[in-house]
Amino acid sequence: MHARRGATVSKNHTVAIDQTGETFTVAPNVYVLDAALESDISYPRYCKTGVCGSCKSILVVGDIEHDSHTQVALSDDERNLGRFLACRARPKTDCTVAFIPRDVVPRFNNKIREVDCRVIAVERATHDVSIIRMEAETKRPFIFTAGQYASVALGDLPARDFSMASRPGERWLEFHIRGQQGSDIATYLKNDLQIGAKARIKGPSGTAYFREYHGTDILAVAGGTGIAPIKSIVDMALTAGVRQPIEVYFGVRAERDVYLADHFSSLATKYSNLKFTLVLSDEKKVKKGRRTGFVSDALDADLETGRNVRAYVAGPQAMVEATFKVLDRAGVRRKNCFADYFEMRRAAASSRL
Ligand code: FES
């Protein structure tokens, strides 16, 4: 396997995915990832430009051309071991590839589907966040794993990525949509959103999904609407009868940004293995039981070094990065930390919570 930027590949090749048995055709000079997505295969990915490493795979059989990428995404050592980035690789022969196993059970191979939906409930959760529930207009359920996201087109707005906040298997899909002042989404939420409104979703995507077969403690850290996938994961874990400790940290700026506190508090009353901590960064005084400061700092104060956890993190970029630093310091290995980067990108302009 050699990187030759700009090299061309002149004929179609078939690529088989080792774990799932799926096959797809890759046309000349098309990347493996693009061809897989074109064939509706839910290949792990994020940046699609060789930067993040989400699409890292194993070349089991065959040969590929590999374009440039960052060392963070794929090191030279990994290249020499037969790893490649699907978003930067073009087959030179028919190939068999394997996703890098990130779990004992590969759960990222839920089929990508496009589904027409109808809004069945709208709740104004805060001054700028609306909780929208929608039902698929087909009989086939929209299959996803807790923690994943979908591309959602509301009305005539361009599609954007939002995490499912509902539990897999529920009758409806729930999304938490923040309309920043002056944005097209804010205008839509205010003027156009109503029961019966149409939406189209495509997915699922994302690798920060719930690893339900791991028996370690669960740490879930959310900022703002990052609580959506965390809600799905926690609700799923409790429904699945998970017994190990589950600790949820939820950071928002101010009282007016708080939502779902009652949901998690009542779950914590019912399930003794669940602990919920609400942290407000812009308030000096808070109600009893709440904390002030950045959510990552609250975690830093609580997390003992060497604790064996799986950590799920969702929210603005600065908050996710700060939380990963805390997890690093506490000795939580990166392979046990999960975050989907679209949350980071979408909220890149937001400040740290
Ligand atoms: S999707 Fe990010 S490196 Fe391929």
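Just add 238 to wherever you are in the sequence shown, counting from 1, and you've got the working numbering. We treat Cβ as the ideally placed atom computed from N, Cα and C, and that holds for glycine. None of these values were measured; they are calculated from a predicted model.
- [ ] Please classify PRO396: is it buried, with 16 or more other beta-carbons within 10 angstroms of its beta-carbon, or exposed?
- [x] Along the sequence shown, read from residue 1 onward, the residue named residue 396 stands at position 158. Result: exposed.
(request) Report the option in SER306, GLY320 and GLU361 whose CA atom is closest to the CA atom of ILE433. (result) Here residue 433 corresponds to residue number 195 of the sequence shown, with the count starting at 1. Per the Cα distances, GLU361.
| message | Quick check for students: name the residue ranges of the beta strand (DSSP E) that lie wholly in the stretch 527-585, counting only runs of 3 or more. | response | 547-552
Could you check if THR261 is buried or exposed, using at least 16 other CB atoms within 10 Å of its CB as the buried criterion? To locate residue 261, count along the sequence shown from 1; it is residue 23. The residue is exposed, with fewer than 16 neighbouring Cβ atoms inside 10 Å.
- prompt: Taking Cβ positions, are CYS333 and VAL253 nearer each other than 7 angstroms?
  reply: For this step, residue 333 is matched to residue 95 along the sequence shown. For this step, residue 253 is matched to residue 15 along the sequence shown. Against a cut-off of 7 angstroms, the Cβ pair of VAL253 and CYS333 comes out as a contact.
Would you tell me roughly how many angstroms separate the C-alpha atoms of LYS513 and PHE502, rounded to the nearest one?
-> Working through the sequence shown from its first residue, we reach residue 513 at position 275. Working through the sequence shown from its first residue, we reach residue 502 at position 264. Rounded to the nearest angstrom, the two C-alpha atoms are 8 angstroms apart.
- Task: Determine the contact status of ARG438 and ALA374, defining contact as a CB-CB distance below 7 angstroms.
- Result: Translated into the one-based positions of the sequence shown, residue 438 becomes position 200. Translated into the one-based positions of the sequence shown, residue 374 becomes position 136. Cβ distance not < 7 angstroms, so ARG438 and ALA374 don't count as in contact.
**Asked** Can you round the beta-carbon distance between ALA363 and TYR497 to whole angstroms, since I take them to be within the 8 angstroms contact cut?
**Response** Stepping through the sequence shown from its first residue, residue 363 is reached at position 125. Stepping through the sequence shown from its first residue, residue 497 is reached at position 259. Indeed they touch by this definition, with Cβ atoms about 4 angstroms apart.
message: Using CA atoms only, rank isn't needed, just tell me which of ALA265, GLU559, THR543 and ALA336 is closest to GLY461.
response: The residue given as residue 461 occupies position 223 in the sequence shown. The residue with the shortest Cα to Cα distance from GLY461 is GLU559.
- Query: ILE415 to VAL299, Cα distance in whole Å?
  - Reply: The sequence position of residue 415 within the sequence shown is 177, counting from 1. The sequence position of residue 299 within the sequence shown is 61, counting from 1. Going by the C-alpha atoms only, they are around 43 angstroms apart.
Closer than 6 angstroms: ASP575 CB and nearest the ligand FES heavy atom: To locate residue 575, count along the sequence shown from 1; it is residue 337. One detail in the question is off: residue 575 reads as Cys in this sequence, not Asp. Not under cutoff, so the answer is no.
Practice task
Indicate the three-state DSSP secondary structure (helix, strand or coil) for LEU312 in the structure shown.
Solution key: In the sequence shown, counting from the first residue as 1, residue 312 sits at position 74. DSSP places LEU312 in coil when its eight states are reduced to three.
message = Residues in the same chain with beta-carbon distance under 7 angstroms from THR543, minus the five sequence neighbours each way, listed in chain order, please.
response = Your numbering for residue 543 matches position 305 in the sequence shown. For THR543, where only same-chain residues beyond five positions count, the Cβ hits under 7 angstroms are ALA568 and GLY569.
Exercise. Is any heavy atom in the ligand FES found nearer than 6 angstroms to the beta carbon of LYS508?
Worked result: Taking the first residue of the sequence shown as position 1, residue 508 is located at position 270. Answer for LYS508: no, Cβ out of range of the ligand FES.
Under the rule that 16 or more other beta-carbon atoms within 10 Å means buried, what is ASP578, buried or exposed?
-> Translated into positions along the sequence shown, residue 578 becomes position 340. When all chains shown are included, ASP578 counts as buried.
Sort out for me which residues DSSP pairs VAL360 with in a bridge.
Stepping through the sequence shown from its first residue, residue 360 is reached at position 122. ILE370.
**Study point:** CB-CB length for PHE488 against ILE465, believed under 8 angstroms
**Key:** Numbered from its first residue, the sequence shown carries residue 488 at position 250. Numbered from its first residue, the sequence shown carries residue 465 at position 227. Taking a contact as a CB-CB distance under 8 angstroms, the pair PHE488 and ILE465 counts as one, their CB atoms being some 5 angstroms apart.
What span of residues does the beta strand (DSSP E) with PRO329 cover, start to end? Here residue 329 is taken as the residue at index 91 of the sequence shown, counted from 1. Here the beta strand (DSSP E) through PRO329 covers 327-329.
Helix, strand or coil for PRO442, going by three-state DSSP, please let me know. As a working mapping, residue 442 is identified with position 204 in the sequence shown. Note: PRO442 maps to strand in three-state DSSP.
Examine the ligand FES and report whether any of its heavy atoms sits within less than 6 angstroms of the Cβ of LYS286. Here residue 286 corresponds to residue number 48 of the sequence shown, with the count starting at 1. Answer for LYS286: yes, Cβ within range of the ligand FES.
inquiry  = Which same chain residues end up closer than 6 angstroms to PRO442 when comparing Cβ atoms and leaving out the 5 residues on each side of it in sequence?
reply    = As a working mapping, residue 442 is identified with position 204 in the sequence shown. Hits under 6 angstroms: ASN348, PHE382, GLN386 and ALA388.
inquiry  = Could you tell me the alpha carbon to alpha carbon distance between LYS436 and LEU541, rounded to whole angstroms?
reply    = The residue given as residue 436 occupies position 198 in the sequence shown. The residue given as residue 541 occupies position 303 in the sequence shown. Roughly 44 angstroms between the two C-alpha positions.
- Query: Would CYS575 pass as a contact of ALA549 if the rule is Cβ separation under 7 angstroms?
  - Reply: In the sequence shown, counting from the first residue as 1, residue 575 sits at position 337. In the sequence shown, counting from the first residue as 1, residue 549 sits at position 311. Contact check for CYS575 against ALA549 passes: the beta carbons are separated by less than 7 angstroms.
### Message
Give me, in chain order, the residues of the same chain whose beta-carbon lies closer than 8 angstroms to that of PRO213; leave out the 5 immediate sequence neighbours on both sides.
### Response
Outside the displayed range of the chain (239 to 591) lies residue 213, so it cannot be described from this structure.
message = Per the DSSP calculation, ASP332 is bridged to which residue(s)?
response = By one-based count along the sequence shown, residue 332 stands at place 94. For ASP332, DSSP records no beta bridge to any residue.
(message) Using CA atoms only, rank isn't needed, just tell me which of THR561, ALA265 and PHE322 is closest to MET291.
(response) Walking along the sequence shown from the start, residue 291 turns up at place 53. Contrary to the premise, residue 291 reads as Gly rather than Met in this sequence. That would be PHE322, whose Cα lies nearest to the Cα of GLY291.
**Prompt:** DSSP puts VAL390 in a beta bridge; with which residues?
**Reply:** By one-based count along the sequence shown, residue 390 stands at place 152. Looking at the DSSP assignment, VAL390 forms a beta bridge with ARG398 and ILE439.
Requested in this report: For HIS531, collect the residues of the same chain with a Cβ closer than 7 angstroms to its Cβ; drop the 5 residues on either side in sequence, then sort them by chain order.
Outcome: Within the sequence shown, residue 531 is the residue found at index 293, counting from 1. Here the sequence assigns Gly to residue 531, which means His is not the residue at that position. Excluding sequence neighbours, GLY531 sits near VAL517 and SER519.
| request: Locate the alpha helix (DSSP H) running through PHE502, then write down its first and last residues. | output: Residue mapping note: residue 502 aligns to position 264 of the sequence shown, counting from 1. Per DSSP, PHE502 belongs to the alpha helix (DSSP H) from 499-508.
Notebook entry, point to check: Can you find a heavy atom of the ligand FES that lies under 6 angstroms from the Cβ of GLY441?
Noted result: Position 203 of the sequence shown, counting from 1, holds the residue named residue 441. False, no ligand heavy atom lies under 6 angstroms from that Cβ.
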